[in-house]
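A quick write-up on the structure given underneath.
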DNA sequence: GCCAGGATTGGAATCGTTTCCAATTGTGCA
DNA sequence: TGCACAATTGGAAACGATTCCAATCCTGGC
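Chains as they are written, first to last, in the working numbering: chain S, 1 to 329; chain R, 1001 to 1329.
Printed below as a string of structure tokens:
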């Protein structure tokens, strides 16, 4: 009641309780203190409705209990699910999350890193497509799906294994000839390994395959031309398609249906990600499911524990195949 | 280079540039200062790679340039789209976003409000289903879809108009008898008005309707029983259904198809929200589209400008009907 | 050439915590 | 009863920025 228009501070609490500043600090931080003192302080805190000013705390202690999370957007179901899981994981550990949607813009990504440093967050988890992202040494950074080098841990799903799994699933369902479709990316990031796994599996099974990989700026219609080119007598050259993401799978399926093809009768399609309708209903297509929860959990573990070089710098988490109606099983 | 293991401070910059602390502060904050001084300071900043410590800044200035955003989760496409838009809007204005996913838990929601106060964020935008959320006076709060009272601005889509629009769309497409389906909620929040708008429109058009509103804990299967009860000779009593959300619409359509009904031939379905496949492909069903971008923009405007009582406390933004394949047009 | 007055800069005080050291209290033993 | 030592508390300094007032510098006029 002394200073009307201002939140109570530790000093007010100390005065109210008739104890010293340091004692109040100890009570707040759970450091043992005389029983009677603790009670007086707790009472005063309640009476004044005191709240810690975390800016003062952050300034003094250099801990913010905030992690910055950087993703391209929240529109894509995979990203939003991932962020949702990371948020939950952080909350459980008493951390806050500063969210940064970068819209794939390298400049924005860089500016968020700078912002994160300014904000003095305790760490950054980032899913970036910016190959030359400059990161300061003193902010722990965890990368998802993109390997920057041994000094920055990278968490990813087992992209190579997933690619193989997709090929195997298609063949198991009777496909005789496969196709791999991917949108363009000059980046050598982890998801590119889906192709390698796919190719390797095809060769091991001695199954013919072809690929169509769009160049960076090429429009989606290039895929339609590709499909048209491989149509003969109302049938495709291949009877199984692995699309690099569920999103692409859906676009492709739209085109296939327009061309009069039935899925999965005429051609079977497998995607990658494990997107579900409305986040948790059924799968939107047969797909390779990324272990989003585990990936999120792993990122949070890594960013908080900053385990010194103990962990490998590339962590691949296992994927699984899930039936979603666009294959025979 | 003086203090090796620690980030440079304004003091270091001042020493490096040979000027006073206050001068550095002015340069950083764009307050006019002698040309030669400004250059010296800017050079020193670059040389030392100085970054503002926003915790010190926040402590002193009581501004954080951070807004807390509270939603139940990011799994639901509507929420994630909303958060995505809010994030973009905040970033454009130089604000950061602290994200809080509450999982519908009143306790968590409350704890986030407290956290937000501690963090001394500049404001909160919240989509809460907690009827008795306690909010402090000194943190500007904007509510989405839930009206707390005249002191807290509420942003919502035109739920009443949307309900009417849904009924009109179904009738326009030839429906003779309608049904309204909603999951339970004891809360009197804005989306409840969808029902009122629907009823009013039905009565104006003299079209018969029925409703099935689940009680709070009732399982989804209650809807299936309802549908079964209204089946006669392989046909439903009604030929148009308005579901209170797109998510419910999809669940209902699943049930309808299992019962052997064709959509939209046997029964037409309209949802509410305007969810799109993968965030920006086609609509997942015929639906009433919420103006998410505008809602986000409005929230951000309100929370930042804290316009003193000038704005109405309930802001309804216009909705529109969108065809999504589950009606005739 | 000198002084008054305006315009800038310099530097101290401050924000609300944490932390550390000195001061005080209390306990136990002789 | 008195003293020494352990255990706590009290209070000051520090974190890094902002802000305000006093001190300094310049300019222009006489």
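Every residue, glycine too, gets a C-beta built ideally from N, C-alpha and C.
Model, not experiment: these values are computed from the prediction.
Against chain R, does residue i count as a neighbour if the rule is that its beta carbon must be under 8 Å from one of theirs?
| i | result |
| --- | --- |
| residue 290 (chain S) | no |
| residue 4 (chain S) | Confidence at residue 4 (chain S) is low in this model, with a pLDDT of 45, below 50, so its placement is unreliable and no value can be given for it. |
| residue 54 (chain S) | yes |
| residue 117 (chain S) | yes |
| residue 51 (chain S) | yes |
Determine the closest residue to residue i out of the options, with distance taken between C-alpha atoms.
| i | options | result |
| --- | --- | --- |
| residue 1241 (chain R) | R:1276, R:1079, R:1227, R:1078 | R:1227 |
| residue 74 (chain S) | R:1299, R:1156, R:1081 | R:1081 |
| residue 1076 (chain R) | R:1104, R:1087, R:1300, R:1090 | R:1104 |
| residue 229 (chain S) | S:256, S:207, S:204, S:206 | S:256 |
| residue 267 (chain S) | S:252, S:275, S:279, S:274 | S:252 |
| residue 317 (chain S) | S:144, S:90, S:220, S:124 | S:144 |
| residue 184 (chain S) | S:177, S:223, S:198, S:152 | S:223 |
| residue 1192 (chain R) | R:1206, R:1094, R:1214, R:1018 | R:1214 |
| residue 1275 (chain R) | R:1246, R:1265, R:1260 | R:1246 |
| residue 26 (chain S) | S:96, S:298, S:52 | S:52 |
| residue 127 (chain S) | S:178, S:277, S:113 | S:113 |
| residue 153 (chain S) | S:327, S:322, S:323, S:314 | S:314 |
| residue 195 (chain S) | S:272, S:18, S:85 | S:272 |
| residue 1177 (chain R) | R:1083, R:1208, R:1280 | R:1208 |
| residue 283 (chain S) | S:322, S:248, S:291 | S:322 |
| residue 294 (chain S) | S:86, S:142, S:187, S:130 | S:86 |
| residue 189 (chain S) | S:312, S:211, S:198, S:129 | S:129 |
| residue 125 (chain S) | S:142, S:133, S:132 | S:142 |
| residue 93 (chain S) | S:300, S:328, S:216 | S:300 |
| residue 7 (chain S) | R:1099, R:1062, R:1019 | R:1062 |
| residue 20 (chain S) | S:41, S:29, S:204, S:31 | S:41 |
| residue 1264 (chain R) | R:1280, R:1277, R:1285, R:1108 | R:1285 |
| residue 115 (chain S) | S:292, S:221, S:68 | S:68 |
| residue 1331 (chain R) | R:1291, R:1043, R:1254, R:1220 | In this structure chain R extends from 1001 to 1329, so residue 1331 (chain R) is not present and cannot be described. |
Using a beta-carbon distance below 8 Å, is residue i in contact with chain S?
| i | result |
| --- | --- |
| residue 1041 (chain R) | no |
| residue 1022 (chain R) | no |
| residue 1257 (chain R) | no |
| residue 1120 (chain R) | yes |
| residue 1059 (chain R) | yes |
| residue 1001 (chain R) | Interpretation of residue 1001 (chain R) is limited by its pLDDT of 37, a score under 50 that renders its predicted location unreliable; the figure taken from the coordinates is listed afterwards. Cβ-Cβ to chain S under 8 Å: no for residue 1001 (chain R). |
| residue 1320 (chain R) | no |
For the putative contact between residue i and residue j, defined by C-beta atoms under 8 Å, what is the C-beta separation to the nearest angstrom?
| i | j | result |
| --- | --- | --- |
| residue 1288 (chain R) | residue 1269 (chain R) | About 12 Å; that fails the 8 Å criterion. |
| residue 1248 (chain R) | residue 1181 (chain R) | 6 Å |
| residue 1302 (chain R) | residue 1311 (chain R) | 7 Å |
| residue 65 (chain S) | residue 122 (chain S) | 7 Å |
| residue 1133 (chain R) | residue 1319 (chain R) | In fact, because the Cβ distance is near 26 Å, the residues do not count as touching under 8 Å. |
| residue 1212 (chain R) | residue 1179 (chain R) | 7 Å |
| residue 96 (chain S) | residue 1108 (chain R) | That belief does not hold up - the Cβ atoms of residue 96 (chain S) and residue 1108 (chain R) are roughly 13 Å apart, past 8 Å. |
| residue 278 (chain S) | residue 1277 (chain R) | Not a contact, Cβ separation roughly 11 Å. |
| residue 972 (chain R) | residue 101 (chain S) | Shown here, chain R extends from 1001 to 1329; a query on residue 972 (chain R) therefore has no answer. |
- Listed in chain order, which residues of the segment 83-107 of chain S have Cβ atoms closer than 7 Å to some Cβ of chain R? 83, 84, 87, 88, 96, 97, 98, 99, 101
Q) For the segment 1268-1282 of chain R, which residues have a CB atom closer than 8 Å to at least one CB atom of chain S, in sequence order? A) 1275, 1277, 1278, 1279, 1280, 1281
Original post:
With a cut-off of 8 Å, do at least 3 Cβ pairs link the segment 56-67 of chain S to the segment 1052-1064 of chain R?
Top reply: yes
query = Which residues, in order along the segment 1216-1248 of chain R, keep a beta-carbon less than 9 Å from a beta-carbon of chain S?
reply = 1246, 1247
### Query
Using 8 Å as the threshold, is the segment 1126-1137 of chain R in touch with the segment 1154-1170 of chain R, meaning 3 or more CB pairs across them?
no
| task | Name, going along the chain, the residues of the segment 137-160 of chain S whose beta-carbon falls closer than 8 Å to a beta-carbon of chain R. | result | 138
Practice task
Check distances from the C-beta atoms of the segment 68-81 of chain S to those of chain R and list, in chain order, the residues that come in under 7 Å.
Solution key: 73, 74, 75, 76, 77, 80, 81
- prompt: Would you call the segment 1010-1017 of chain R and the segment 1037-1048 of chain R in contact, with 3 or more CB pairs under 8 Å?
  reply: yes
TODO: Take every Cβ of the segment 33-46 of chain S, pair it with every Cβ of the segment 1026-1045 of chain R, and state whether three or more of those distances are shorter than 8 Å.
DONE: no
query: Would you call the segment 1159-1176 of chain R and the segment 1230-1237 of chain R touching, i.e. three or more CB-CB distances under 8 Å?
result: no
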